[in-house]
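Colleague: For reference, the structure I am asking about is given below.
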Amino acid sequence: MEDKFSVQFIFKDYIDFFFKQKVHASGYPERVKTEQDKDQYIADYKTNMNIELDKDKIKLDPPARLTAKLNLNSLWGRLGMQSSNKDKYALVNSPEEMHEFLSDQQYKISDIMCGSEKALVRYKQTEVAQSKIPKAVNSVVAAFVTCYGRLMLYELMEKAGNNLVYGDTDSCMIITRRPGYVPSPDFVWPQHLQKPLELEMGEYLGMLTDEVAEKYGSGHAATRFVSPCSKTYSLAVENLESKETPKTFKYIMRCKGFGLSNKTKDTVNHDSYVDLVKKRLPNISVPTTQFRGRHEGGVDLITAPKKLSFVYSKRKIVDNYETREWGYKEPLIP
Numbered sequence: 006m007e008d009k010f011s012v013q014f015i016f017k018d019y020i021d022f023f024f025k026q027k028v029h030a031s032g033y034p035e036r037v038k039t040e041q042d043k044d045q046y047i048a049d050y051k052t053n054m055n056i057e058l059d060k061d062k063i064k065l066d067p068p069a070r071l072t073a074k075l076n077l078n079s080l081w082g083r084l085g086m087q088s089s090n091k092d093k094y095a096l097v098n099s100p101e102e103m104h105e106f107l108s109d110q111q112y113k114i115s116d117i118m119c120g121s122e123k124a125l126v127r128y129k130q131t132e133v134a135q136s137k138i139p140k141a142v143n144s145v146v147a148a149f150v151t152c153y154g155r156l157m158l159y160e161l162m163e164k165a166g167n168n169l170v171y172g173d174t175d176s177c178m179i180i181t182r183r184p185g186y187v188p189s190p191d192f193v194w195p196q197h198l199q200k201p202l203e204l205e206m207g208e209y210l211g212m213l214t215d216e217v218a219e220k221y222g223s224g225h226a227a228t229r230f231v232s233p234c235s236k237t238y239s240l241a242v243e244n245l246e247s248k249e250t251p252k253t254f255k256y257i258m259r260c261k262g263f264g265l266s267n268k269t270k271d272t273v274n275h276d277s278y279v280d281l282v283k284k285r286l287p288n289i290s291v292p293t294t295q296f297r298g299r300h301e302g303g304v305d306l307i308t309a310p311k312k313l314s315f316v317y318s319k320r321k322i323v324d325n326y327e328t329r330e331w332g333y334k335e336p337l338i339p
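Now the structure itself:
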């Protein structure tokens, strides 16, 4: 008896659906200008991705794009998550329901708040109830996809070498030769840029994209970067076609644990990051509003300072702000 197997891509429809949404909400690339360009753009997606785009739906919509991107990126993590044993609440309408809660072995009652007609029960599930693995959990798929993503990230980081200035889950910031820049005949490229870095760029799934050019246009490039600690950085974007003096920049900033707003821009900015790294400032103090719950009930609104400091413990800083792995030793023979 011959066994027959069929290969099915169980996430294909999911990926195609949300990737199509993301492409629609991204609008046309800057290079697409005429109706003929639009038709060719749609035809290329059909050829390369087997996705049929709707011409009338291709328009820039940042919220819809963000939603589609989150759905594409969060699926794999959800597959690896088992619901942690957090407090749950149930509204009980009768003494019979309350008796069921109190006598059922799968519930561990933490608190009961009684009202005139109903009661609110706070509980956790016991270990017996938690031993059942949810059907939506598949640690093999979650591990495979996320590990494969890391392998691709490490491959890119290795290719970038000392030109890598920052790396995160799905992105890298790399020093490269400026596209279209033609230096003077006597110009000598720095050692780390002697050989152009060849990267496979494109707009299809699995290819690298230039997020600066995608957001600001091809005439812009990131020319300055600073990072005082993990998941905290500032990228200065310059309009290369502008003749303004002095130069003006747009900034892409992240600050872990701090909300960036008009209230914080005078203290948390590119220049203050530079001051932290160069040890001109010990820290940056930012007033933050926090909500604190009382044990007896109620909420207090507290204003307290949070401090941002220069912290770099993942690697060893050497000369000229370059870094090495902990335990790295210079070769005996240069």
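If you're matching positions, the sequence shown starts at 6 in our numbering and goes up one per residue. In this text, a Cβ means the ideal position worked out from N, Cα and C, and glycines have one as well.
Starting from residue 243, trace the beta strand (DSSP E) in both directions and tell me its first and last residue.
Modeller: Segment 237 to 244, the beta strand (DSSP E) holding residue 243.
Colleague: Please report the residue range of the beta strand (DSSP E) in which residue 256 lies.
Modeller: Start and end: 254 to 260.
Colleague: Can you give the beta carbon distance from residue 311 to residue 262, rounded, assuming they're within the 8 Å contact cut?
Modeller: With a Cβ gap of about 7 Å, residue 311 and residue 262 count as contacting.
Colleague: If you compare alpha carbons, which of 337, 91 and 264 is closest to residue 131?
Modeller: With distances taken between Cα atoms, residue 131 lies closest to 91.
Colleague: Distance cutoff 8 Å, beta carbons only. Does residue 94 sit that close to anything in chain D?
Modeller: Any reference to chain D falls outside this structure, which holds one protein chain only.
Colleague: What does the Cβ neighbour count give for residue 237, buried or exposed, with the cut at 16 atoms within 10 Å?
Modeller: Label assigned to residue 237: buried.
Colleague: I'd like to confirm something about residue 291: is its beta-carbon nearer than 7 Å to some heavy atom of the ligand COA, or not?
Modeller: Ligands are entirely absent from the displayed structure, and the ligand COA is therefore not among its contents.
Colleague: With residue 123 as the anchor, note down where its beta strand (DSSP E) starts and where it stops.
Modeller: Note, residue 123: premise wrong, no beta strand (DSSP E); not H, not E.
Colleague: Less than 8 Å between the C-beta atoms of residue 23 and residue 69, yes or no?
Modeller: In this structure, residue 69 does not lie closer than 8 Å to residue 23 by Cβ.
Colleague: If contact is defined by three or more beta carbon pairs under 8 Å, each pair taking one atom from either stretch, is the region 52 to 72 in contact with the region 14 to 31?
Modeller: With a cut-off of 8 Å, the region 52 to 72 and the region 14 to 31 count as touching, because enough Cβ pairs lie within range.
Colleague: Quick one: grab the DSSP three-state call for residue 72.
Modeller: Helix.
Colleague: Pick from 158, 228 and 147: whose alpha carbon is nearest that of residue 180?
Modeller: Nearest of 158, 228 and 147 to residue 180, Cα basis: 228.
Colleague: May I ask which residues mark the beginning and end of the alpha helix (DSSP H) holding residue 214?
Modeller: No alpha helix (DSSP H) holds residue 214; DSSP gives it neither H nor E.
Colleague: Of all the options 296, 277 and 294, which has the alpha carbon lying nearest to the alpha carbon of residue 287?
Modeller: Answer by Cα proximity: 277.
Colleague: Which ranges does the beta strand (DSSP E) cover as unbroken runs of at least 3 residues, wholly within the region 25 to 85, from first to last along the chain?
Modeller: Listed in chain order, there is nothing to give.
Colleague: Examine the Cβ distances between the region 189 to 205 and the region 241 to 258 and report whether three or more of them are shorter than 8 Å.
Modeller: No, because fewer than three Cβ pairs between the region 189 to 205 and the region 241 to 258 fall closer than 8 Å, the two stretches do not touch.
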